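Residue numbers (my numbering): -17 to 111.
Here a beta-carbon is modelled for each residue, glycine too, at the ideal position from N, C-alpha and C.
None of the values given here were measured: they were computed from a predicted structure.
Take a look at the structure below.
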């Protein structure tokens, strides 16, 4: 059997997502981080995730939406970025139901809307500047 399962297959979904009752990741403390610095850090972190699928979804989302986000939304996005890549990917694409802590997330709803790409926009990885 191939040890490298293809994304979006049932076996990959089952193998790569966290248990629904898994505790939330502990974020790194960043006391006093200015909003502009947080926004810049999140743009970079969205681009450099570790899986190409997550990089593409999150970096294009960050490029389109982070500039207009409030500080509270940025903090919520920051917490989302602490979650495992494949969990975020499958929650955003609707392959898995997110845990209760993300049930009412406005940012995750925005990410899902972005992923649906109802305007059929051709997206590519944004350049790092």
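When DSSP states are grouped into helix, strand and coil, residue 23 belongs to the helix group.
Annotation: residue 55 to residue -6 spans about 30 Å, alpha carbon to alpha carbon. Listed in chain order, the non-local C-beta contacts of residue 24 below 8 Å within the same chain comprise 44, 48, 56, 59, 60 and 63, local neighbours out to five positions each way being set aside. Comparing alpha-carbon positions, the option among 13, -10, -3 and 53 lying closest to residue 21 turns out to be 53.
Contact between residue -2 and residue 73 is ruled out by a C-beta separation of about 12 Å, above the 8 Å threshold.
In this structure, DSSP gives residue 52 a state outside helix and strand, which the three-state scheme calls coil.
Of the candidates 89, 39, 88 and 71, the residue whose Cα lies closest to the Cα of residue 106 is 39. Under the criterion of beta carbons closer than 8 Å, residue 75 and residue 97 qualify as touching, at roughly 6 Å.
Taking a cut-off of 8 Å for Cβ pairs, the stretch 27 to 39 and the stretch 81 to 88 do not touch, as fewer than three such pairs fall below it. Here residue -15 is not near residue 42, since their CB atoms are 8 Å or more apart. As the crow flies, the alpha-carbon of residue 94 is around 19 Å from that of residue 2. Going by C-alpha positions, residue 7 is about 24 Å away from residue 18.
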